[in-house]
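Let me begin by presenting the structure, written as structure tokens, before commenting on it.
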Amino acid sequence: MNGHDLVSVWTTIIVVAVIVAAGRWVFLILPREWRPRGLLEQALSHAPLAALAALVAPQVLAPLLDPAPGAALGGFADPRVLAAIAAIAAVHWRRSVFAGVVAGVAVYLLLAGFG
Amino acid sequence: MSRFALRWSSRWARSGARRTALRDGMFAVAPLLPGTVSWGLVTGIALVKAGLTTGQALGMAALVFSGTAQLVTIPLIVAGASLPVVMLTVFLTNLRFIIYSATLARDLGRLPLPLRLGLGYLTSDTALAAYRLRYRDGEPQVQRVALFAGCCIPVYLVWQIGSLAGIGVAHLLPAGAGLGYLGTLAVVAMTAALVRSASSVAAAAVAIGVALLGRGWPYSLGMFGAVVAGIAAAMLVESLQRRRAR
């Protein structure tokens, strides 16, 4: 990693830290009358899920989208895909993010990490 | 110090109810702490395994108090994404904290600024979930604020311990085993937990569809389009549901 990369990594970290903190402060600082209401509030409430789903889907489905030559079941049998399915199933079965992380990580390590 | 702040700090210091409420918050959040540790651990491992140096990983863990933001940022840094793309992505995935701040403003709105900023900084999904569970209407503000602090502080400490342990452990793990993907799995679990209603299913499905279509689009446009389309789909479903209910 060269010097320029190093600087930009730190810049990125600091900028991300500021965005995260500022987001939490917005309506603790701004006048209360400015709080979002009605349609805007409703739209904002759906944004995080949409953003997170849009972000992880290509990473999770990468083995299906660009299957390696000769991959089993067109890439479906990839540890990444199966671990994500396990995580989602566990979250819905146990109603807990914790269970999802544990199940996903366990399946992934079993199939990919040290297999 | 303003008279307002002075009155607050003296009430804050004297109240015995404050300590009880603080303890109540800690008890309320305790069952959720194993999840926080595991999430922190996975994030710490993912930071190092994705290619950050130990110093950068420690800096990220110390400065960015949001697992999602950290996990979202790493692949972008590794892929050499431009700063505006990183900013937009982090902003969109962290919009929920802006919504939290709007709901918290009711309870914390009249505190002295440093206290507001401090508690705002410590806000987390986990702490807010525990706070809402234990929160009672009509309680005096001193107690509500202490309850919230009691929910926030353990999560912050346990999170930091978990991610420090993850950064430490990462060096002992084999290189190149694709352990950076553990971070993605943690985000998958968090995303799945947000899918709880017909409208959220629509938001997720449409957002994923557009994101996959727009994988090659420049400037993170695929991501942006996916969020807008996902929001639109969810609001459409909600308005259809309202019409049917009427």
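Protein chains in written order, with our numbering: chain A, 1 to 115; chain B, 116 to 361.
Built from N, CA and C at the ideal position, the CB exists for glycine as well.
Which of helix, strand or coil DSSP assigns to residue i
| i | result |
| --- | --- |
| Leu-30/A | coil |
| Thr-306/B | helix |
| His-46/A | helix |
| Gly-340/B | helix |
| Tyr-250/B | coil |
| Val-97/A | helix |
| Asp-66/A | coil |
| Asp-78/A | coil |
| Thr-299/B | helix |
| Phe-142/B | helix |
| Phe-180/B | coil |
| Ser-8/A | helix |
| Ala-196/B | coil |
| Arg-225/B | coil |
| Met-1/A | Low local confidence applies: a pLDDT of 45 at Met-1/A is under 50, so the model's placement there is unreliable, with the coordinate-based value given in what follows. If DSSP states are grouped into helix, strand and coil, Met-1/A belongs with coil. |
| Pro-58/A | helix |
| Arg-35/A | coil |
| Leu-147/B | helix |
| Thr-168/B | coil |
| Gly-115/A | Since pLDDT at Gly-115/A reaches only 48, below the 50 mark, its modelled position is unreliable, and the value read off the structure follows with that caveat. Residue state, collapsed to three classes: coil. |
| Gly-23/A | helix |
| Gly-324/B | helix |
| Gly-277/B | helix |
| Ser-335/B | coil |
| Leu-137/B | helix |
| Pro-289/B | coil |
| Thr-238/B | coil |
| Arg-330/B | coil |
| Arg-259/B | helix |
| Leu-294/B | coil |
| Arg-311/B | coil |
| Arg-358/B | helix |
| Arg-231/B | helix |
Partner residues on chain A for residue i, Cβ-Cβ distance less than 9 Å
| i | result |
| --- | --- |
| Gly-281/B | Result: empty, since nearest Cβ-Cβ is about 12 Å, beyond 9 Å. |
| Arg-134/B | The contacting residues do not exist; Arg-134/B stays about 24 Å from chain A at best. |
| Arg-231/B | Trp-25, Leu-28 and Ile-29 |
Where residue i meets chain B, residues with beta-carbon distance less than 9 Å
| i | result |
| --- | --- |
| Gly-38/A | Per Cβ cutoff of 9 Å: no residues; Gly-38/A is ~11 Å from chain B at best. |
| Leu-44/A | Leu-210, Arg-211, Ile-213, Ile-214, Ala-217 and Ile-346 |
Contact under 7 Å by Cβ, residue i with residue j
| i | j | result |
| --- | --- | --- |
| Arg-211/B | Leu-28/A | no |
| Val-302/B | Leu-186/B | yes |
| Leu-223/B | Leu-234/B | yes |
| Ala-112/A | Gly-100/A | no |
| Ala-318/B | Leu-110/A | no |
| Val-81/A | Gln-171/B | no |
| Ala-322/B | Ala-341/B | yes |
| Arg-330/B | Gly-337/B | yes |
| Ala-213/B | Val-26/A | Note on identity: in this sequence residue 213/B is Ile, with Ala being the wrong assignment. Cβ atoms of Ile-213/B and Val-26/A: closer than 7 Å. |
| Val-273/B | Thr-151/B | yes |
| Gly-277/B | Leu-355/B | no |
| Gly-295/B | Ala-165/B | yes |
| Gly-182/B | Thr-158/B | yes |
| Leu-147/B | Thr-241/B | yes |
| Ile-192/B | Ala-285/B | no |
| Arg-249/B | Ala-143/B | yes |
| Ala-83/A | Tyr-108/A | yes |
| Ala-62/A | Ile-346/B | no |
| Gly-75/A | Ala-87/A | no |
| Ala-184/B | Val-205/B | yes |
| Val-16/A | Ala-308/B | no |
| Leu-381/B | Ser-335/B | Outside the modelled stretch of chain B, which goes from 116 to 361, sits residue 381/B, for which no answer is possible. |
| Gly-23/A | Asn-209/B | yes |
| Tyr-236/B | Ala-21/A | yes |
Assumed close pair residue i, residue j - CB separation to whole angstroms, cut-off 8 Å
| i | j | result |
| --- | --- | --- |
| Tyr-215/B | Gly-140/B | With a Cβ gap of about 16 Å, Tyr-215/B and Gly-140/B do not count as contacting. |
| Met-305/B | Leu-52/A | 7 Å |
| Leu-178/B | Ile-19/A | 11 Å between Cβ atoms; not a contact. |
| Ala-261/B | Leu-137/B | 5 Å |
Neighbouring residues, chain A, relative to residue i (Cβ below 8 Å)
| i | result |
| --- | --- |
| Tyr-215/B | Arg-24 |
| Gln-258/B | Simply none; closest approach about 19 Å. |
| Ile-276/B | The contacting residues do not exist; Ile-276/B stays about 16 Å from chain A at best. |
Under 8 Å by beta carbon: chain B residues contacting residue i
| i | result |
| --- | --- |
| Trp-10/A | Gln-171 and Gly-174 |
| Phe-27/A | Ile-213, Ser-216, Ala-217, Leu-219 and Ala-220 |
| Val-91/A | Ala-304, Ala-307 and Ala-308 |
| Arg-35/A | Ala-217 and Ala-220 |
| Arg-101/A | First, the amino acid is wrong: residue 101/A is Val here, not Arg. Chain B residues near Val-101/A: Gly-150, Ser-153, Trp-154, Val-157, Leu-300, Ala-301 and Ala-304. |
Where residue i meets chain B, residues with beta-carbon distance less than 7 Å
| i | result |
| --- | --- |
| Phe-98/A | Pro-149, Gly-150 and Ser-153 |
| Ala-84/A | Leu-300 and Val-303 |
| Gly-104/A | Leu-300, Val-303 and Ala-304 |
| Arg-32/A | Ala-220 and Gly-224 |
| Ala-21/A | Tyr-236 |
Neighbour list for residue i in chain A, Cβ cutoff strictly below 7 Å
| i | result |
| --- | --- |
| Pro-227/B | Neighbours of Pro-227/B on chain A: none; closest Cβ ~11 Å, over 7 Å. |
| Arg-138/B | Chain A residues near Arg-138/B: none, gap ~23 Å exceeds 7 Å. |
Using a Cβ-Cβ cut-off of less than 7 Å, give me the residues of the segment 246-274 of chain B that come near chain A, in sequence order.
So the list is empty, because no residue satisfies the distance condition.
What residues in the segment 342-356 of chain B bring their beta carbon closer than 9 Å to a beta carbon of chain A?
From the segment 342-356 of chain B, only Val-342, Val-343, Ala-344, Gly-345, Ile-346, Ala-347, Ala-348, Ala-349, Met-350 and Glu-353 have a Cβ closer than 9 Å to chain A.
Can you list, in chain order, the residues of the segment 46-64 of chain A whose Cβ is nearer than 8 Å to any Cβ on chain B?
When C-beta distances to chain B are compared with 8 Å, the residues of the segment 46-64 of chain A below that value are His-46, Ala-47, Pro-48, Leu-49, Ala-50, Ala-51, Leu-52, Ala-53, Ala-54, Leu-55, Val-56, Ala-57, Pro-58, Gln-59, Val-60 and Leu-61, in chain order.
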